[in-house]
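Asker: Numbering (our numbering), first residue to last: 3 to 345.
I have a structure I would like to understand better, so I am pasting it below and will then ask my questions one at a time.
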Amino acid sequence: MQSKIDSLRVEIEEALKGDVNREAFKAAREKYLSKKGIVPSLMTELRNFSPEERPVMGKLINEFKVWAEARFDEVEEGIKKAELEKKNSAEAVDVTMPGIRNNTGALHPITLVKKELIDILSGLGFEIFEGPEIETDYYNFTALNVPKDHPARDAQDTFYFSDDILLRTHTSPGQIRTMLSKKPPIKVIVPGRVFRCDDDATHTPMFHQMEGLLVDKNITLCHLYGMLDRLAKSLFSDDVKTRLRPSYFPFTEPSVEVDVTCCECGGSGCGLCKGTGWIEVLGAGMVNRNVLIECGLDPEEYSGFAFGIGLDRIAMLKYGMNNIHILFDNDIRTLKQFKKHDK
Ligand code: DAH
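Take a look at the structure:
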């Protein structure tokens, strides 16, 4: 038995010699150590020995089995280690290699202005409402106290789908849609795209506005003024001054034009403000009683203010652009400059 074991030991060492690969290793373990493998089968030979010899032989076989198992385990460790090293070196990262730069975009200046206004006005308690860009004549004009053939329609010529359906010329129809769908207190802003047949250095056929509407009991022009002053200070800077100038809009009475001190010269007069020290930023006023009545609200009980801001105009003022087309030319060099404003 001892000589048999000795030659098996040599045989096993032979099978595990050198850089044995995983397949050959598995086959060898199967051959020698599986249940019916050569080593466990040695036990069947015990029956050829006398009862006295059997324990001695059994011990010999067992010790050999323990040795063989340890030997296979040891070789397997080596194989695993070699495999891991191979995998690691194949995956090695060269930390000195230049990285792949991700080309991130920047928000468009109009989006920046819109986000900022929403931020300020939602902080003042205004909710956002969005109306359709394709409107009916009723919401865009008639309900806003601009009946057919009213001269004010000339200032807002637009694109018609039919006599009655058009691309909205302003976000003011959002006022009507909110007043018809909810009862006061109403406090909404309506951002969106609007359209007019205009095209020059300061006008494009599509541009952006944000409407504001507040309707409640006892609302006065002072509320409007206080709110707009806060808005202008948050939007430009705390030392900006605001003034209201009498104006005319069919849907407000009284109507005002809102000016802020020039962001370029601070009010002393320059090219941007045409020497006046003031820059017009938006139109506003107290909701015309005809509009309240049209929306089913009693003007004796409720009053409100409304305002309409041109987002493109604010973007031009804030970022110092003199031609509105810069906003729509999609020149990547222009847009890239706005990365720093994108918080
Ligand atoms: N809708 C007006 C325009 O597009 C802007 C405007 C003026 C809106 C006065 C208002 C307002 O709500 O009260 O020219």
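All residues carry an ideal CB built from backbone N, CA and C; glycine is no exception.
As the structure is a prediction and not an experimental result, all values here were calculated from the model.
Which residues have their C-beta within less than 5 Å of a heavy atom of the ligand DAH, listed in chain order?
Answerer: In chain order, the residues positioned with their C-beta nearer than 5 Å to some heavy atom of the ligand DAH are His172, Ser174, Phe251, Thr254, Gly285, Ala286, Gly287, Ala308, Gly310.
Asker: Out of curiosity, what's the CA-to-CA distance linking Lys342 and Gly107?
Answerer: Against the sequence shown, residue 342 aligns to sequence position 340. Against the sequence shown, residue 107 aligns to sequence position 105. Approximately 11 Å between the Cα atoms of the pair.
Asker: Looking at the structure shown, is Thr244 part of a helix, part of a strand, or coil, going by DSSP?
Answerer: Position 242 of the sequence shown holds residue 244. Thr244: strand per DSSP, three-state reduction.
Asker: Beta-carbon separation of Gly287 and Ile221 under 7 Å?
Answerer: Here residue 287 refers to the residue found at position 285 when the sequence shown is read from its first residue. Here residue 221 refers to the residue found at position 219 when the sequence shown is read from its first residue. It is not a contact, given that the beta carbons lie outside the stated cut-off.
Asker: Could you spell out where the alpha helix (DSSP H) holding Ser124 opens and where it closes?
Answerer: The residue you call residue 124 lines up with position 122 of the sequence shown. According to the DSSP assignment, Ser124 belongs to the alpha helix (DSSP H) that extends over 111-125.
Asker: So what does DSSP say about His225, is it helix, strand or coil?
Answerer: Taking the sequence shown and counting its residues from 1, one reaches residue 225 at position 223. DSSP places His225 in helix when its eight states are reduced to three.
Asker: Which one or two residues does DSSP pair with Asp261 in a beta bridge?
Answerer: The residue labelled residue 261 in the question sits at position 259 within the sequence shown. DSSP, once it has assigned bridges, lists Arg245, Glu282 as partnering Asp261.
Asker: Which residues share a DSSP beta bridge with Leu215?
Answerer: Within the sequence shown, residue 215 is the residue found at index 213, counting from 1. Beta-bridge pairing links Leu215 to Val190, Ala308.
Asker: Count the C-beta pairs between the stretch 93-112 and the stretch 158-167 that are closer than 8 Å, then say yes if the count reaches three, no if not.
Answerer: no
Asker: Over what stretch of residues does the beta strand (DSSP E) that includes Glu137 continue unbroken?
Answerer: In the sequence shown, residue 137 corresponds to position 135, counting from 1. Looking at the DSSP string, the run of the beta strand (DSSP E) that includes Glu137 is 136-138.
Asker: Nearest-angstrom Cα distance between Leu182 and His205?
Answerer: The residue labelled residue 182 in the question sits at position 180 within the sequence shown. The residue labelled residue 205 in the question sits at position 203 within the sequence shown. Roughly 31 Å separates the two Cα atoms.
Asker: Got a sec? Which residues, its chain only, sit under 8 Å from Ile81 by beta carbon, not counting five neighbours each side?
Answerer: Sequence index remark: in the sequence shown, residue 81 carries index 79 (1-based). For Ile81, where only same-chain residues beyond five positions count, the Cβ hits under 8 Å are Val22, Asn23, Arg24, Phe27.
Asker: Under the rule that 16 or more other beta-carbon atoms within 10 Å means buried, what is Asn290, buried or exposed?
Answerer: By one-based count along the sequence shown, residue 290 stands at place 288. By the 16-neighbour rule on beta-carbons within 10 angstroms, Asn290 is buried.
Asker: Classify Cys297 as buried or exposed, calling it buried when 16 or more other Cβ atoms lie within 10 Å of its own Cβ.
Answerer: Position 295 of the sequence shown, counted from the first residue, corresponds to residue 297. By the 10 Å Cβ count, Cys297 comes out buried.
Asker: Taking 6 Å as the limit between beta carbons, can you name the residues of its chain near Arg31, skipping five residues before and five after?
Answerer: The count along the sequence shown starts at 1 and reaches residue 31 at position 29. Around Arg31: Phe74.
Asker: Counting C-beta neighbours from all protein chains within 10 Å, is the total for Phe197 16 or more, i.e. buried, or is it exposed?
Answerer: Within the sequence shown, numbered from 1, the residue matching residue 197 stands at position 195. The residue is buried, with at least 16 neighbouring Cβ atoms inside 10 Å.
Asker: Output the distance between the C-alpha atoms of Thr180 and Leu294, rounded to the nearest integer angstrom.
Answerer: Within the sequence shown, numbered from 1, the residue matching residue 180 stands at position 178. Within the sequence shown, numbered from 1, the residue matching residue 294 stands at position 292. Those two C-alpha atoms are separated by around 11 Å.
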